[in-house]
Amino acid sequence: MYDNQKTSHVAALSLAGASNRSEPTNKCISDDRFRRLMGEAAWARLPHSIRCRFGKRLSSGASVAYQGEVTDMKMNRAGRLLAFLARAIGAPLPYDSSSVGRAAVVVVTEDAATNGQFWIRQYGKEKGFPQTVCSSKRFAGPTGLEEYIGYGIGMALRLEATPHALWFISAGYFINIGRLRLALPRLFSPGELVVGHEELGEGKFRFSLDLRHPFFGTMISQSARFRDADIVRGSHERLH
6 MYDNQKTSHV
16 AALSLAGASN
26 RSEPTNKCIS
36 DDRFRRLMGE
46 AAWARLPHSI
56 RCRFGKRLSS
66 GASVAYQGEV
76 TDMKMNRAGR
86 LLAFLARAIG
96 APLPYDSSSV
106 GRAAVVVVTE
116 DAATNGQFWI
126 RQYGKEKGFP
136 QTVCSSKRFA
146 GPTGLEEYIG
156 YGIGMALRLE
166 ATPHALWFIS
176 AGYFINIGRL
186 RLALPRLFSP
196 GELVVGHEEL
206 GEGKFRFSLD
216 LRHPFFGTMI
226 SQSARFRDAD
236 IVRGSHERLH
C-alpha cells in the first residue's frame, strides 16, 4: 500500500504548477525520434500502447508524469556497495529495499536545448525523503541514444523491441572532461544495465532495471508498475 506521506509528495511533484489541465491519456502526439532510431520493423513489433508512449512529443517545459509503485527490489553485496558509492555522484542507482510497496513516479520533460528529454525518477522510502534520480536522454553518439547522469558520466544505449516490451541496453560507459570524452574500460564498468518497459495492458506497464556484472552476477534488480500518464503543462504552453 502507498505510504500517505510519500503519496502526497509524489502527487505534488507530478502536478507542479497545477493550474494546468491534463490532456487525454489516449491521445498520441507525433514524435518519430525513437521510431527512426529503431527502424520500421522493430518499431512495428512493439505493442500499440508502447508506441504511443514513446511517440509523444511535448512542447518545451511540458512534462509527462507516470505514477505507480515499486513492486520488487533486490541487491547482492556488490550491488549494495556500488549503489552506496554511487550516492556520491547523485545516487543514479536504487539503493533502498524499503521502497517496495511504496509510491513511485517518473516525470519526462522535453529538453528543447538538446532535442532530448529530462527524466526524473522518484521512489518512496520507509524513512526520510524519497530517492530522486535525474538523468538526460539525448539522441546522440555512436548508437544514436545516450543517457547522462551528471558529473560528465554517461552511457550509450541500444534499443531492442519485442511484441511485449521495449528494452534499453547499455552499450558502453564514458566520462566527459571538458571536450575530452573517455570511454570506460569494460573491466572498470559497473556491468550491463538493462532497463525494460513491458506492456501489462489496461493502461499499465512494468518498469524494470537489472544491472549484471560478469563476475558479481546480478547486482541490482528493481521493478515497478505504472499507469498511463497525464501531460502537465503551463497555461501558455501548447503541445506540438
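The opening position of the sequence shown corresponds to residue 6 in our numbering, with each subsequent residue numbered one higher. Built from N, CA and C at the ideal position, the CB exists for glycine as well.
- Task: Tell me whether F231 is buried or exposed, calling it buried when 16 or more other Cβ atoms sit within 10 Å of its Cβ.
- Result: To locate residue 231, count along the sequence shown from 1; it is residue 226. F231 comes out buried.
- Item | Backbone secondary structure at E115 - three-state DSSP | As a position in the sequence shown, residue 115 is number 110, starting the count at 1. Strand.
- Tell me, to the nearest whole angstrom, how far the beta carbon of A176 is from that of L162; I am working on the premise that it is less than 8 angstroms. Indexing the sequence shown from 1 puts residue 176 at position 171. Indexing the sequence shown from 1 puts residue 162 at position 157. At roughly 6 angstroms, the Cβ-Cβ gap stays under 8 angstroms, so A176 and L162 are in contact.
- Message: Using 8 angstroms for Cβ pairs, my map puts H202 next to F210. What's the rounded Cβ distance?
- Response: Along the sequence shown, read from residue 1 onward, the residue named residue 202 stands at position 197. Along the sequence shown, read from residue 1 onward, the residue named residue 210 stands at position 205. Contact holds; Cβ gap of about 6 angstroms.
- Query: Quick check: the segment 54-65 against the segment 97-112, are there 3 or more CB pairs under 8 angstroms?
  - Reply: no
- Message: For a test of the three-state rule: what should DSSP assign to S54, helix, strand or coil?
- Response: Here residue 54 corresponds to residue number 49 of the sequence shown, with the count starting at 1. In the structure shown, S54 sits in a helix (DSSP, three-state: H, G or I).
- Item | Beta carbon of A70 nearer than 8 angstroms to that of A229 | Locating residue 70 in the sequence shown gives position 65, counting from the first residue. Locating residue 229 in the sequence shown gives position 224, counting from the first residue. Cβ atoms of A70 and A229: not closer than 8 angstroms.
- For P97, which residues of its own chain have a beta-carbon under 6 angstroms away from its beta-carbon, when the five flanking residues on both sides are left out? On the sequence shown, residue 97 is found 92 positions in, with the first residue counted as 1. Here the set comprises A91, V138, I154.
- Message: Quick check: does the Cβ of M224 come within less than 7 angstroms of any heavy atom belonging to the ligand SAH?
- Response: This structure simply doesn't include the ligand SAH, nor any ligand for that matter.
- Item | For Q122, the nearest candidate out of L187, G60, L87 (CA to CA) | For the purposes of this step, residue 122 is identified with residue 117 of the sequence shown, where counting begins at 1. Out of L187, G60, L87, G60 has the C-alpha closest to the C-alpha of Q122.
- Query: The alpha helix (DSSP H) spanning F39 covers which residue range?
  - Reply: One-based indexing of the sequence shown puts residue 39 at position 34. Where F39 is concerned, the enclosing alpha helix (DSSP H) stretches over 38-43.
- For R50, I'd like the list of residues in its chain whose CB is within less than 7 angstroms of its CB, leaving aside the five on either flank, ordered along the chain. In the sequence shown, residue 50 corresponds to position 45, counting from 1. Result list for R50: A166, T167, P168, in chain order.
- Provide the residue(s) that pair with G142 in DSSP beta bridges, ordered along the chain. In the sequence shown, counting from the first residue as 1, residue 142 sits at position 137. Note that residue 142 is Lys in the sequence shown here, rather than Gly. Partner(s): Q122, E152.
- Can you tell me whether DSSP reads L90 as helix, strand or coil? Translated into the one-based positions of the sequence shown, residue 90 becomes position 85. It is helical.
- Name, in chain order, the residues that DSSP records as bridge partners for L214. Taking the first residue of the sequence shown as 1, we reach residue 214 at position 209. According to DSSP, L214 bridges with V200, Q227.
- Rounded to whole angstroms, what's the CA-CA distance from R58 to Q127? Just pull it up for me. Sequence index remark: in the sequence shown, residue 58 carries index 53 (1-based). Sequence index remark: in the sequence shown, residue 127 carries index 122 (1-based). Distance between the alpha carbons of R58 and Q127 is about 19 angstroms.
- Item | Continuous beta strand (DSSP E) stretch holding R184: start and end | As a first step, residue 184 is located in the sequence shown; it is residue number 179 there, counting from the start. From DSSP, R184 is part of no beta strand (DSSP E); its letter is neither H nor E.
- Message: On a Cα-Cα basis, can you pick out the residue from G208, F220, S226, G133 that is closest to H53?
- Response: Taking the sequence shown and counting its residues from 1, the one referred to as residue 53 is at position 48. Checked all of G208, F220, S226, G133; the closest Cα to H53 is G208.
- Determine the extent of the beta strand (DSSP E) in which T76 is found, giving its start and end residues. Here residue 76 is taken as the residue at index 71 of the sequence shown, counted from 1. Residues 68-80.
- Considering only the beta carbon of each residue, do E152 and S140 sit closer than 8 angstroms? Here residue 152 is taken as the residue at index 147 of the sequence shown, counted from 1. Here residue 140 is taken as the residue at index 135 of the sequence shown, counted from 1. Yes.
- Query: How big is the Cα-Cα spacing for G160 and L185?
  - Reply: For this step, residue 160 is matched to residue 155 along the sequence shown. For this step, residue 185 is matched to residue 180 along the sequence shown. Here residue 160 is Met; the residue named in the question, Gly, does not match the sequence. Each residue's Cα considered, the two are about 15 angstroms apart.
- Looking at the unbroken beta strand (DSSP E) that takes in L162, where does it start and where does it end? For the purposes of this step, residue 162 is taken as the residue at position 157 of the sequence shown. Its beta strand (DSSP E) spans residues 158-166.
- Message: On a Cα-Cα basis, can you pick out the residue from G196, L192, P190, N181 that is closest to I174?
- Response: To locate residue 174, count along the sequence shown from 1; it is residue 169. Closest option to I174, Cα to Cα, is G196.
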